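Number of protein chains: 4
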Amino acid sequence: MMFKSDNCAPALPEVMDAVVEANQGFQSSYGDDEMMEEVSALVRAEFEAPEAAVYLVSTGTAANALALSTLARPWDTIFCTPLAHIHIDECHAPEFYTGGGKLTLVGEKDKMTPEALEAAIIGWTKGDVHTSQRGPLALTQVTERGRIYSLEELRALTRVAKAHGLTAHMDGARFANAMVSLGCSAAEMTWKAGIDAVSFGGTKNGCMGVEGVIFFNPEHAWEFELRRKRGAHLFSKHRYLSAQMLGYLRNDAWKKAAAATNAKAARMISGLRDAPEFEFLFEPAANMIFATLPRRIHRDLQAAGARYEMHGPFDGPEDERIGMRLVVGWSVDEADIDRFVEIASGKI
Amino acid sequence: MMFKSDNCAPALPEVMDAVVEANQGFQSSYGDDEMMEEVSALVRAEFEAPEAAVYLVSTGTAANALALSTLARPWDTIFCTPLAHIHIDECHAPEFYTGGGKLTLVGEKDKMTPEALEAAIIGWTKGDVHTSQRGPLALTQVTERGRIYSLEELRALTRVAKAHGLTAHMDGARFANAMVSLGCSAAEMTWKAGIDAVSFGGTKNGCMGVEGVIFFNPEHAWEFELRRKRGAHLFSKHRYLSAQMLGYLRNDAWKKAAAATNAKAARMISGLRDAPEFEFLFEPAANMIFATLPRRIHRDLQAAGARYEMHGPFDGPEDERIGMRLVVGWSVDEADIDRFVEIASGKI
Amino acid sequence: MMFKSDNCAPALPEVMDAVVEANQGFQSSYGDDEMMEEVSALVRAEFEAPEAAVYLVSTGTAANALALSTLARPWDTIFCTPLAHIHIDECHAPEFYTGGGKLTLVGEKDKMTPEALEAAIIGWTKGDVHTSQRGPLALTQVTERGRIYSLEELRALTRVAKAHGLTAHMDGARFANAMVSLGCSAAEMTWKAGIDAVSFGGTKNGCMGVEGVIFFNPEHAWEFELRRKRGAHLFSKHRYLSAQMLGYLRNDAWKKAAAATNAKAARMISGLRDAPEFEFLFEPAANMIFATLPRRIHRDLQAAGARYEMHGPFDGPEDERIGMRLVVGWSVDEADIDRFVEIASGKI
Amino acid sequence: MMFKSDNCAPALPEVMDAVVEANQGFQSSYGDDEMMEEVSALVRAEFEAPEAAVYLVSTGTAANALALSTLARPWDTIFCTPLAHIHIDECHAPEFYTGGGKLTLVGEKDKMTPEALEAAIIGWTKGDVHTSQRGPLALTQVTERGRIYSLEELRALTRVAKAHGLTAHMDGARFANAMVSLGCSAAEMTWKAGIDAVSFGGTKNGCMGVEGVIFFNPEHAWEFELRRKRGAHLFSKHRYLSAQMLGYLRNDAWKKAAAATNAKAARMISGLRDAPEFEFLFEPAANMIFATLPRRIHRDLQAAGARYEMHGPFDGPEDERIGMRLVVGWSVDEADIDRFVEIASGKI
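Protein chains in written order, with the numbering used here: chain A, 61 to 408; chain B, 61 to 408; chain C, 61 to 408; chain D, 61 to 408.
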């Protein structure tokens with residue numbers, strides 16, 4: 061019963077097969093391998109963006125920090141939420157890569173509204189050299205609390221950014237889960253909604269370690285290439301990044317995996333809705349659940365072998381409610397889900 | 061006939077098998093996977109360094125830049141050769157990661173002598189705040205021109221560094237090829253020779269993309285961990301780095317591969333020695349050959365499908381000597397070697 | 061009627077005389093001038109800190125950014141208020157000088173409480189490599205809204221910092237005004253209250269452009285010297301920084317100036333308290349006043365030649381209340397104060 | 061007999077008078093003072109550059125590092141000589157301000173030739189992401205060894221830079237001495253010779269601490285303003301920088317001072333030419349002399365109170381030749397010069 065993170069899961073068979081398949085013969089290095097051309101073509105087709113610049117890196121933090129530093133100058137502030145991965149979970153990678161940029165925290169928790177964004181943009185800068193200058197908007201989709209911006213919400217937010225001449229970046233670490241949940245196309249969730257650059261997550265949804273970085277305006281491409289190399293993120297045997305992404309994209313493997321994962325999560329959510337003592341902290345929309353349970357039920361779960369993030373100490377009053385995060389990885393068993401739900405429901 | 065680079069080769073079967081084997085079940089992320097413990101144990105055993113801190117990253121540039129930035133402060137200068145990979149081939153990654161450090165070029169080409177190092181250290185700094193402060197010594201083994209420092213040479217160089225209180229780093233992108241060529245142990249070529257930290261290359265000798273970073277004094281370990289994360293080089297699905305390194309280390313796969321590769325290179329070198337118009341620029345010691353040939357023979361080679369770095373234009377006078385680099389990757393065919401030698405010898 | 065900023069004022073006669081006096085003969089450069097020794101001795105005596113390391117730079121932002129970067133590593137977050145000068149008014153100098161550090165905003169507006177600080181320290185970091193590491197506490201005294209931390213408040217805040225092993229920095233751009241207002245010694249307001257390093261402001265209280273940086277633990281001194289030079293803040297003709305500070309410190313010129321300025325401010329505050337439509341936003345404690353007035357009175361003031369920061373548009377409804385900042389510089393005329401009060405009171 | 065450095069001298073009376081004169085009344089801060097307008101107008105007139113962007117900072121290192129970081133991106137290399145101040149004497153300020161830029165050392169010692177520059181530009185980069193990208197040319201005029209580039213030499217060098225699309229910066233710490241020596245105009249020595257940005261030195265030639273930064277193409281002006289603030293080099297009481305520069309420029313004070321200083325230096329050079337044991341290392345062209353003398357004469361000089369940089373130990377064989385640097389500051393006495401010459405000639 062492993063619900064700790066989607067990065068505890070292995071790679072999809074389609075991805076691993078592509079890697080194994082790629083492991084023969086010679087290939088040009090540093091991104092000039094043949095598979096990369098195929099990857100670019102597939103990405104451009106999916107995103108209906110024939111001009112897009114497409115790059116691969118091996119971690120989500122690299123994708124975010126490199127993309128944002130291409131969009132933001134050192135004296136710019138990036139507008140994100142207080143729970144944004146780039147703020148909380150990247151050990152200052154964005155500040156490092158931008159050369160001392162800042163993050164301005166907008167709204168409450170993991171989502172922002174156009175009003176809060178407008179207020180932050182206007183409220184922050186004085187138009188002189190003393191304060192930060194206005195930098196890009198950075199959104200996470202699926203958000204860090206498992207929620208999803210609707211297309212309308214995305215459009216409204218990027219509209220505010222554009223009105224101030226700002227670009228917009230999407231941290232799509234769980235891009236596929238969001239897209240499948242919204243039932244929209246990759247284009248609709250990105251450039252058609254005003255997004256300029258996206259970290260197109262592969263790792264969490266079934267790759268070993270690969271993330272795309274896509275710029276819909278290819279103007280900054282060469283600078284990104286220099287930033288990637290200087291950041292030590294350009295792979296010599298790049299074929300293994302290409303192969304992963306190829307296996308991921310080919311035959312819609314990525315969409316199928318996300319759909320299957322979301323379905324498993326939906327089964328879990330639905331079961332937990334009926335658990336008398338289970339309280340959702342956020343309405344879940346994809347494959348993450350934030351909730352609370354009394355400590356005694358946590359103990360039952362852990363004793364039964366369930367693994368997940370518990371946001372409080374294991375010891376304490378029996379009935380005290382303790383927060384938790386459950387992530388349904390693609391490889392989670394339905395039987396494990398059902399067993400978890402039963403215990404959480406107090407049925408065992 | 062592919063002699064372009066060892067990074068055009070695929071991964072060793074032992075490495076790929078380990079990766080495939082690792083692709084099941086759940087694993088803790090960010091370096092807490094079970095295989096990583098095995099990797100650390102194997103590295104410590106190989107290097108006879110039970111206290112060593114061992115880390116994995118995915119590129120050689122990351123290994124170098126992160127290791128050097130752990131050893132050097134922003135106002136330090138790193139002593140390296142004019143042909144050092146960190147100077148020529150990393151797009152300022154060392155300067156970026158050190159926060160504005162400098163590289164002081166010592167000696168001629170790819171090797172330095174103790175005398176040149178001593179002169180550079182003494183000649184450079186004035187002991188005040190105006191010039192650079194003295195930072196680590198950085199050596200590459202196998203060097204960028206395919207040569208190898210003997211153990212005595214290494215010891216003499218690090219002795220100079222130590223006398224000035226400086227640490228020493230080894231860029232071991234081709235660590236195994238050098239070690240096998242010297243017939244020494246990993247410990248002898250590193251800490252026993254005065255090296256404090258090493259980039260322990262895996263990629264070129266048969267991994268997909270993994271390099272170890274080893275600190276024999278584990279004091280800087282926590283700082284390295286922060287630098288790795290901040291540089292976006294900490295893998296979430298770290299198991300795939302661990303697995304590669306495990307497959308590489310287990311059963312001496314790495315030594316066998318390097319020995320086999322060096323043997324192939326020796327066959328090529330020996331053949332080329334008899335080629336009447338082939339002139340070595342450096343005495344080769346591992347799997348790289350730097351030489352010149354008349355243009356007409358280059359044309360014959362290229363026409364026959366040989367691929368390698370040619371250091372001059374394809375067009376020009378027939379008899380003009382043009383420089384070249386040949387790298388024997390682990391997967392190169394002996395038949396290709398023999399054929400190359402024949403053409404280069406003018407026998408075909 | 062100039063109340064825009066204390067940096068619109070000229071230098072004190074004592075400071076200018078010292079500069080003129082220093083303008084003869086040869087002097088060693090880069091801080092080795094004879095006056096600097098006198099400055100260090102005077103500072104150490106005032107602060108009862110015979111071991112303190114004392115440096116001079118020319119801007120307050122340099123003092124803050126260099127001091128904080130000496131205390132904080134690139135992955136540390138600095139705890140300050142949302143209105144801190146280092147956050148709002150330094151164009152990312154702290155982020156730049158720390159190499160990508162972060163600022164964590166504590167409390168509301170310009171002051172923080174020990175509880176808020178404790179909550180921020182505990183709430184922020186997870187003790188792993190993903191989030192920021194905990195860096196120094198940064199307080200401003202006089203605060204950015206003209207208030208003052210009592211010695212007890214300072215001690216309570218630094219006690220929280222110390223309990224977590226964190227250092228404390230004081231931005232003392234208006235150090236003298238605060239000290240005079242509290243009626244305490246320089247030592248009491250700094251190291252005796254748990255402060256480790258202080259930006260000892262000279263410019264606003266009557267210098268041309270000089271700020272001291274004082275480390276009570278001289279251990280980081282050499283690093284500071286390198287940071288100062290590397291930041292291009294080491295003056296060649298350092299004598300002119302020394303001379304300013306000497307004129308400022310000698311014969312208690314700095315305390316007398318601050319006392320006189322605070323007295324003028326008190327006269328103004330007292331007068332404005334009786335102004336029927338004048339509303340203080342913060343209880344003023346030194347030489348800054350934050351308040352609101354109806355727009356029509358602003359118009360009267362501006363028409364009469366009063367100059368100050370107005371936090372809203374000049375045009376709009378007559379009776380709308382508009383925010384304002386008044387700063388009483390040392391050279392402000394009492395007659396101007398009285399006239400301003402009269403107009404603000406609607407008496408003219 | 062003080063010949064240590066021109067930064068051991070005081071400020072010109074014209075400069076100090078202007079500062080004293082400026083010390084009254086209120087002035088807008090941060091560069092909006094009235095004097096700055098006058099300074100800009102004077103600079104633009106002198107340089108015949110009505111569109112030029114003109115800024116003031118307080119140190120030469122700040123001028124250089126801020127100007128170069130405006131011209132060079134983090135992955136660019138700056139072409140300068142091995143003895144360039146930016147390489148030897150700025151504690152990595154250029155690397156820090158450019159965010160990890162590199163310096164490529166061209167030529168021998170303190171001057172470069174067009175051929176050496178061409179070779180360095182072509183030889184360095186491979187046009188891919190691995191090596192440095194090509195950044196600005198950086199020349200020092202007067203050079204660090206007291207020599208001067210002729211206008212023809214300047215034009216030939218910038219012609220090479222322009223042919224490769226590179227900009228050119230002049231470190232004019234001793235701008236006036238060079239200009240007076242060449243007998244040319246400020247425009248001729250800068251933009252008419254292909255220079256894009258200049259650090260226009262004031263400090264060494266008689267200011268307290270002020271340097272202009274001039275961009276002939278004002279396009280990068282706003283970025284420079286942000287860099288200046290972020291580097292903590294924007295003065296609040298900017299009037300004191302303006303006043304210095306105003307006193308320096310008004311009535312040609314700067315040219316007169318440089319002419320007088322050069323004349324004194326010429327007197328010294330002429331005297332030393334006849335000193336039997338004095339050997340010039342470089343043909344002096346302005347106010348710096350690099351030479352050698354036997355140790356016994358150094359001893360005589362030092363015993364008589366002469367102060368200058370001696371490039372070797374005071375103790376050792378009597379007749380060993382020891383290097384030295386003499387700098388004639390504007391305030392040096394002719395009597396001291398004559399006495400120095402006499403002792404150096406062995407006449408005393």
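Just so you know, even glycine gets a beta-carbon here, dropped at the ideal spot from N, CA and C.
Note that the structure is a prediction, hence the values are computed from the model and not measured.
query = Which whole runs of the alpha helix (DSSP H) in the region 214–275 of chain D are 4 residues long or more, in chain order?
reply = 235–242, 246–249
Neighbouring residues, chain A, relative to residue 285(D) (Cβ below 7 Å) = By one-based count along the fourth sequence, residue 285(D) stands at place 225. The answer, in chain order, is 189.
key: Contact set between the region 126–153 of chain B and chain D, restricted to residues whose Cβ is under 8 Å from the partner   = 134, 135, 148, 149, 150, 151, 152
message = To the nearest angstrom, how far is the alpha carbon of residue 188(D) from that of residue 379(D)?
response = As a first step, residue 188(D) must be located in the fourth sequence, where it is residue number 128. As a first step, residue 379(D) must be located in the fourth sequence, where it is residue number 319. Going by the C-alpha atoms only, they are around 54 Å apart.
When 228(B), 248(B), 191(B), 91(B) are compared against residue 130(B), the one with the closest alpha-carbon = Translated into the one-based positions of the second sequence, residue 130(B) becomes position 70. If we check each option's Cα against that of residue 130(B), 228(B) comes out closest.
task = Give the residues of chain A in contact with residue 178(C), contact being defined as C-beta atoms less than 9 Å apart.
result = Here residue 178(C) corresponds to residue number 118 of the third sequence, with the count starting at 1. None at all; the shortest Cβ gap to chain A is about 18 Å.
ask   = Since residue 193(A) sits in a beta bridge, which residues does DSSP pair it with?
value = Locating residue 193(A) in the first sequence gives position 133, counting from the first residue. According to DSSP, which records beta bridges pairwise, residue 193(A) is partnered with 136(A).
query = In the DSSP assignment, what are the bridge partners of residue 164(C)?
reply = For the purposes of this step, residue 164(C) is identified with residue 104 of the third sequence, where counting begins at 1. Answer is 139(C), bridged to residue 164(C).
message = When you compare the CB positions of residue 358(D) and residue 135(B), do they come within less than 8 Å of one another, or not?
response = Position 298 of the fourth sequence, counted from the start, is the residue given in the question as residue 358(D). Position 75 of the second sequence, counted from the start, is the residue given in the question as residue 135(B). It is not a contact, given that the beta carbons lie outside the stated cut-off.
ask   = Name the chain D residues that come within less than 8 Å of residue 195(A), Cβ to Cβ?
value = Here the question's residue 195(A) lines up with position 135 in the first sequence. Per Cβ cutoff of 8 Å: no residues; residue 195(A) is ~12 Å from chain D at best.
task = Report the residues of the region 91–115 of chain B with a CB closer than 7 Å to any CB of chain A, ordered along the chain.
result = none
task = Examine chain A for any beta-carbon lying closer than 8 Å to the beta-carbon of residue 13(B), and answer yes or no.
result = No information on residue 13(B) is available, as it lies outside the stretch 61 to 408 that chain B covers here.
request  = Answer yes or no: do residue 126(D) and residue 291(D) have a C-beta to C-beta separation smaller than 8 Å?
outcome  = What you label residue 126(D) is simply residue 66 of the fourth sequence in a count that begins at 1. What you label residue 291(D) is simply residue 231 of the fourth sequence in a count that begins at 1. Yes, the pair counts as a contact, with Cβ atoms nearer than the cut-off.
query = At which residues does the alpha helix (DSSP H) containing residue 331(B) begin and terminate?
reply = On the second sequence, position 271 is the one that residue 331(B) refers to. Looking at the DSSP string, the run of the alpha helix (DSSP H) that includes residue 331(B) is 313–333.
message = Suppose you measure from the CA of residue 361(A) to the CA of residue 370(A); what does that come to, to the nearest Å?
response = Within the first sequence, the letter at position 301 stands for residue 361(A). Within the first sequence, the letter at position 310 stands for residue 370(A). About 11 Å.
inquiry  = Quick check on this structure: which residue in 168(B), 219(B), 133(B), 148(B) has the alpha carbon closest to the alpha carbon of residue 194(B)?
reply    = Walking along the second sequence from the start, residue 194(B) turns up at place 134. Selected option, being the one with the closest Cα: 133(B).
key: alpha helix (DSSP H) segments (min. 4 residues) lying fully within the region 353–387 of chain C   = 355–363
request  = Would you check if the distance between the CB atom of residue 289(B) and the CB atom of residue 254(B) is smaller than 8 Å?
outcome  = The residue you call residue 289(B) lines up with position 229 of the second sequence. The residue you call residue 254(B) lines up with position 194 of the second sequence. Not in contact: residue 289(B) and residue 254(B) (Cβ atoms no closer than 8 Å).
key: Coil, strand or helix - residue 112(B) by DSSP   = Counted from its first residue, the second sequence places residue 112(B) at position 52. Note: residue 112(B) maps to coil in three-state DSSP.
inquiry  = Whole angstroms are fine: how far does the CA of residue 109(B) sit from the CA of residue 226(B)?
reply    = Here the question's residue 226(B) lines up with position 166 in the second sequence. Here the question's residue 109(B) lines up with position 49 in the second sequence. The alpha-carbon atoms of residue 226(B) and residue 109(B) are separated by roughly 21 Å.
message = Considering only the alpha carbon of each residue, which of 105(A), 310(A), 295(A), 176(A) lies closest to residue 247(A)?
response = Position 187 of the first sequence holds residue 247(A). Of the candidates 105(A), 310(A), 295(A), 176(A), the one whose C-alpha sits nearest the C-alpha of residue 247(A) is 105(A).
request  = Starting from residue 299(B), find everything on chain C with Cβ-Cβ shorter than 9 Å and list it in chain order.
outcome  = Within the second sequence, the letter at position 239 stands for residue 299(B). Chain C residues near residue 299(B): none, gap ~18 Å exceeds 9 Å.
message = Is the beta carbon of residue 406(A) closer than 8 Å to that of residue 339(A)?
response = As a first step, residue 339(A) must be located in the first sequence, where it is residue number 279. As a first step, residue 406(A) must be located in the first sequence, where it is residue number 346. Result no, Cβ atoms of residue 339(A) and residue 406(A) do not sit closer than 8 Å.
message = What does the alpha-carbon distance come out to for the pair residue 93(A) and residue 368(B)?
response = Residue mapping note: residue 93(A) aligns to position 33 of the first sequence, counting from 1. Residue mapping note: residue 368(B) aligns to position 308 of the second sequence, counting from 1. Roughly 16 Å separates the two Cα atoms.
ask   = Is it the case that the Cβ atoms of residue 116(A) and residue 301(A) are separated by a distance below 8 Å?
value = Position 56 of the first sequence, counting from 1, holds the residue named residue 116(A). Position 241 of the first sequence, counting from 1, holds the residue named residue 301(A). Contact flag set, yes.
key: Helix, strand or coil at residue 392(D) [DSSP, three-state]   = Within the fourth sequence, numbered from 1, the residue matching residue 392(D) stands at position 332. Note: residue 392(D) maps to coil in three-state DSSP.
ask   = Just the Cα atoms here: how many angstroms apart are residue 374(D) and residue 355(D)?
value = The residue given as residue 374(D) occupies position 314 in the fourth sequence. The residue given as residue 355(D) occupies position 295 in the fourth sequence. So the alpha carbons of these two residues sit roughly 7 Å apart.
key: Cβ contact check for the region 323–337 of chain C and the region 82–101 of chain D: 3 or more pairs under 8 Å   = no
request  = Count the CB pairs spanning the region 135–150 of chain D and the region 165–181 of chain D that are closer than 8 Å, and state whether there are at least three.
outcome  = yes
ask   = How would you list, in chain order, the residues of chain A whose beta-carbon sits under 8 Å from the beta-carbon of residue 294(D)?
value = Looking up residue 294(D) in the fourth sequence gives position 234. Per Cβ cutoff of 8 Å: 189.
ask   = Quick one, are the C-beta atoms of residue 392(A) and residue 76(A) less than 8 Å apart?
value = Indexing the first sequence from 1 puts residue 392(A) at position 332. Indexing the first sequence from 1 puts residue 76(A) at position 16. Against a cut-off of 8 Å, the Cβ pair of residue 76(A) and residue 392(A) comes out as no contact.
query = Quick one: is residue 101(A) buried, meaning 16 or more other Cβ sit within 10 Å of its Cβ, or exposed?
reply = In the first sequence, counting from the first residue as 1, residue 101(A) sits at position 41. Classification for residue 101(A): exposed.
inquiry  = Quick check on the burial criterion: 16 or more other C-beta atoms within 10 angstroms. Buried or exposed for residue 29(A)?
reply    = Look at the range of chain A in this structure, 61 to 408, and you will see that residue 29(A) is not part of it.
query = Looking at C-alpha atoms only, which residue of 119(A), 164(A), 80(A), 315(A) is the closest neighbour of residue 243(A)?
reply = Counted from its first residue, the first sequence places residue 243(A) at position 183. The residue with the shortest Cα to Cα distance from residue 243(A) is 315(A).
Backbone secondary structure at residue 337(D) - three-state DSSP = As a first step, residue 337(D) must be located in the fourth sequence, where it is residue number 277. Residue state, collapsed to three classes: coil.
request  = State the DSSP-derived secondary structure class of residue 119(A), mapped to helix, strand or coil.
outcome  = Within the first sequence, the letter at position 59 stands for residue 119(A). The answer is coil: DSSP assigns residue 119(A) none of H, G, I, E or B.
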